[in-house]
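Peer 1: These protein sequences, in sequence, are chains P and L. In this note's numbering, each residue carries its 1-based index in the first sequence increased by 1182. In this note's numbering, each residue carries its 1-based index in the second sequence increased by 1182. From the three backbone atoms N, C-alpha and C, an ideal C-beta is built for every residue, glycine too. Nothing here was measured: the structure is a model prediction, and the numbers come from that model. Take this structure first; my questions come after.
Protein chains: 2
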Amino acid sequence: MGAAKKIGRQTIAFANPPVILSAASIVGPKEGEGPLKDYFDRIAGDMYYGEKTWEKAEQKILQETMELALSKAGLKPADMDFLLAGDLSNQIIAANFTARSLGIPFMGLYGACSTMYEGLALGSMLIDGGFARYVLLGACSHYATAERQYRFPTEQGVQRPMSAQWTVTGSGAVVLGKTGQGPRVTHAIIGRVVDYGEGDPNNMGAAMAPAAADTIVRHLKDIDQPPETYELIITGDLGKYGRELVIRLAEQQGIVLGTNYQDCGVLIFDESQDTHAGGSGCACSATVTCGYLLKEMKAGRLKNFFGLGTGALLSPCSCQQGESIPGIGHGVVVQAN
Amino acid sequence: MGAAKKIGRQTIAFANPPVILSAASIVGPKEGEGPLKDYFDRIAGDMYYGEKTWEKAEQKILQETMELALSKAGLKPADMDFLLAGDLSNQIIAANFTARSLGIPFMGLYGACSTMYEGLALGSMLIDGGFARYVLLGACSHYATAERQYRFPTEQGVQRPMSAQWTVTGSGAVVLGKTGQGPRVTHAIIGRVVDYGEGDPNNMGAAMAPAAADTIVRHLKDIDQPPETYELIITGDLGKYGRELVIRLAEQQGIVLGTNYQDCGVLIFDESQDTHAGGSGCACSATVTCGYLLKEMKAGRLKNFFGLGTGALLSPCSCQQGESIPGIGHGVVVQAN
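So, in structure tokens, the structure goes:
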């Protein structure tokens, strides 16, 4: 067994790439009408999912997704060494209460919408480092809980500018294992916080794009390969405008991203759904990765991808106190078995 | 180089125990009048610390503490492989903005008041696992930002029950290294979320005690040693009543904790300071560990300790929706060089 290798400044190449033993996704009704609807394991009939509040619905969705991932892998909570999870709600309550139900040693993460990929990167390190045989990880978000927490009371019906994105309701979860059958996480890269001064909570794609470009460029320079080395490079939730900005920012640093560069937020909704710039939220990259990407890989239609969770480190309090919105992007490389 | 070993269900024994190369602490004015005042590196003259808001003061305190830890270790941000940090503010803004300033690849953590120890445990795994040579980690809290976020507007002057604790203003930070001189982190244990149904945000010691007892008992059973194996077992911020509850809960599970069991929240203030049950907040365990414990160790007066960060996974939103307050406890064992 060799040791993990650091390539360049930030990229980690795993000595024994951890295996994605299973993945699960549950989405809300709107996502269940979108172009990726056939890829999700369950589609909620409404935003309450049988609960009395949106927050409880969000928690239930995360917990069910994790239970589904465990059951697909044929494993139980007691088999897991660690649970890594987070969400957008203050004090990551969906993750905390899910951890309470599952009883697995738990590390709470907060990477805003990048949390799924923070978990994938970290979980892979914990396995490759010899600290775990199995790690359960996931992230969730809910349109209505996020909207009223970050922006306006949902009932107020404020008009949304065209740069706004739509927080995805749903959750994705993965069981990572030291050995077994499935795609492997070969590389991970932890992002830096980057801030170009964007201050509009209705234009988060622009706030996150510089951090996403920083991580993509850094990773490609670390491995000294062109973007075409991956069949797909995909960011988490930059939306239409954020994606265009990443292309421009990467180009300024000598990296020309081609048609193999996509964004989960662009894919999850179509124009007719009136979501403006696209999807966002922890569940955007989580459900597209656990639903679409990993199922395409299972079907043999995708050989590898470099996925990047992108987070806007937005806080209503910091915005009110005049701060801009910094972003972050964490990435992992997944290779089909 | 051997591989890390899992002992029992949850305890990890590091193959090459990471070194605490430096530690720094800054506290607020009240903590600077308490019994541990001579151990802290800096004491803020007032709660604003030269900033316009309490939130900005909190962020500045965290950043200065991290810069101080780096400078004590003779290292720069660019030398660090990872930054691990979190705090109590919604969206961990103090940590995010500190990460923006330092430019180090950043993983945001949320473990409520256990965050310092979540970082110590995780940072040690990242180093022992071969993913990092240096990790900078820390946590902070601020009485006034926490009070107005979690309980009542600070200006309202609500009377506090005797079970209430006082959120510590301050920050602790540590530079962990793969090699070098200093105390070593020999073991880590990641806690499970435990909930006995306590629902009063003014009695967080009771909410956290079951999780703390769970981790302490589990660890001692994992290593199959009595509590006296450590010179000191210390919890993060249970306060007077929470500490007593841990002693009772451990006893029910066959572990008799003696006078070598203490709590950071009990030590940081004295009776005359009118803090009721004691200190709490991320900074409670962070400043007592980085100030008092590691300085006592440096002076040769403390050979080892099992420290446990304790977190109440409290959310104003979940409390309003009728939920109880689950707790968590993460621990590390530190041995003098």
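Between which two residues does the beta strand (DSSP E) harbouring I1189/P extend?
Peer 2: K1187 to I1189
Peer 1: Applying the criterion that 16 or more other CB atoms from any shown protein chain within 10 Å of the CB defines a buried residue, is T1441/L buried or exposed?
Peer 2: Flag for T1441/L reads exposed.
Peer 1: Does chain P have any CB closer than 8 Å to the CB of D1377/L?
Peer 2: yes
Peer 1: Closer than 7 Å between beta carbons: that is the criterion. Which residues of the region 1198–1212 of chain P meet it against chain L?
Peer 2: none
Peer 1: With a threshold of 8 Å on Cβ separation, who are the neighbours of E1410/L within its own chain once the five nearest residues in sequence on each side are excluded?
Peer 2: So the qualifying residues of the chain are G1440 and N1442.
Peer 1: Please compile the residues from chain L whose C-beta is within a distance smaller than 8 Å of the C-beta of E1237/P.
Peer 2: C1499, S1500 and Q1503
Peer 1: Which residues in the same chain have their Cβ closer than 6 Å to the Cβ of A1370/L, if we skip the five residues on either side of it in sequence?
Peer 2: I1194, A1303, S1306 and V1514
Peer 1: Please list, in chain order, the residues of the region 1258–1272 of chain P that have any C-beta partner in chain L closer than 8 Å.
Peer 2: D1263, F1264, G1268, S1271 and N1272
Peer 1: Can Y1316/P and L1257/P be called in contact, C-beta distance under 8 Å?
Peer 2: yes
Peer 1: On the DSSP bridge assignment, give the partners of W1236/L in chain order.
Peer 2: W1236/L is not bridged to any residue.
Peer 1: Please confirm whether F1488/L has its beta-carbon closer than 8 Å to some beta-carbon of chain P.
Peer 2: no
Peer 1: Quick check on this structure: which residue in G1387/L, F1279/L and F1196/L has the alpha carbon closest to the alpha carbon of L1420/L?
Peer 2: Of G1387/L, F1279/L and F1196/L, the residue nearest in Cα terms is G1387/L.
Peer 1: Residues of chain P with CB under 8 Å from E1300/L, in chain order?
Peer 2: For E1300/L, the neighbours in chain P by C-beta distance under 8 Å run, in chain order, M1289 and G1290.
Peer 1: Kindly give me the distance between the Cβ atoms of A1251/P and L1358/P, rounded to whole angstroms, as I take these residues to be in contact under 8 Å.
Peer 2: The pair is not a contact, with the Cβ atoms about 10 Å apart (cut-off 8 Å).
Peer 1: Could you check what DSSP says for M1289/L in three-state terms: helix, strand or coil?
Peer 2: strand
Peer 1: Taking all protein chains shown into account, do 16 or more other C-beta atoms lie within 10 angstroms of the C-beta of N1519/P, making it buried, or fewer, making it exposed?
Peer 2: exposed
Peer 1: For E1522/L, collect the residues of the same chain with a Cβ closer than 8 Å to its Cβ; drop the 5 residues on either side in sequence, then sort them by chain order.
Peer 2: One cannot answer for residue 1522/L here, as it falls past the ends of chain L, which runs 1183 to 1519.
Peer 1: Please identify the residue among A1394/P, S1204/P, D1220/P and A1205/P whose C-alpha is closest to the C-alpha of P1211/P.
Peer 2: D1220/P
Peer 1: Below 8 Å, how does it come out for the region 1389–1408 of chain L and the region 1341–1361 of chain L: are there three or more Cβ pairs, yes or no?
Peer 2: no
Peer 1: Figure out for me which residue from G1418/P, G1482/P and H1458/P has the closest Cα to the Cα of C1466/P.
Peer 2: G1418/P
Peer 1: Would you kindly work out how many angstroms separate the C-alpha atoms of A1197/P and T1368/P, rounded to a whole number?
Peer 2: 8 Å
Peer 1: Beta-carbon of G1190/L versus every beta-carbon of chain P: anything under 8 Å?
Peer 2: no
Peer 1: With distances taken from CA atoms, which of L1308/P, A1314/P and L1291/P is nearest A1260/P?
Peer 2: A1314/P
Peer 1: Going by DSSP, which residues form a beta bridge with F1264/L?
Peer 2: V1317/L
Peer 1: Just reading off the beta strand (DSSP E) that G1338/L is part of, what are its end residues?
Peer 2: According to the sequence as given, residue 1338/L is Gln; it is not Gly. Segment: none, Q1338/L is in no beta strand (DSSP E) and carries neither H nor E.
Peer 1: Shorter than 8 Å from the beta carbon of M1307/P to some beta carbon of chain L?
Peer 2: Closer than 8 Å to some Cβ of chain L, the Cβ of M1307/P qualifies, so yes.
Peer 1: Is it the case that the Cβ atoms of M1344/P and A1459/P are separated by a distance below 8 Å?
Peer 2: yes
Peer 1: Which same chain residues, not among the five before or five after D1269/P, have their C-beta less than 8 Å away from its C-beta?
Peer 2: Closer than 8 Å at Cβ, skipping near neighbours: E1240, L1244, I1275, A1276, A1277, T1297, A1321, C1322, S1323 and C1464.
Peer 1: Could you tell me which chain L residues have their CB closer than 8 Å to the CB of L1496/P, listed as they occur along the chain?
Peer 2: Q1273
Peer 1: Assuming L1291/P and Y1292/L are in contact, meaning their beta carbons sit under 8 Å apart, how far apart are those beta carbons, in whole angstroms?
Peer 2: 7 Å
Peer 1: How far does the alpha helix (DSSP H) with F1279/L in it reach, from first residue to last?
Peer 2: I1275 to L1284
Peer 1: Mind checking the region 1405–1421 of chain P against chain L and listing, in chain order, the residues whose C-beta falls within less than 8 Å of any C-beta there?
Peer 2: none
Peer 1: Report yes or no: is there a C-beta of chain P within less than 8 Å of the C-beta of L1304/L?
Peer 2: yes
Peer 1: Where in the region 1350–1407 of chain L do unbroken runs of the alpha helix (DSSP H), each at least 4 residues long, occur, reported from the N-terminal end onward?
Peer 2: 1386–1405
Peer 1: Three or more C-beta pairs closer than 8 Å, one from the region 1492–1512 of chain P and one from the region 1377–1387 of chain P: is that the case here?
Peer 2: Touching, per the Cβ criterion.
Peer 1: Step through the CB atoms of chain L and report whether any lies within less than 8 Å of the CB of A1281/P.
Peer 2: yes
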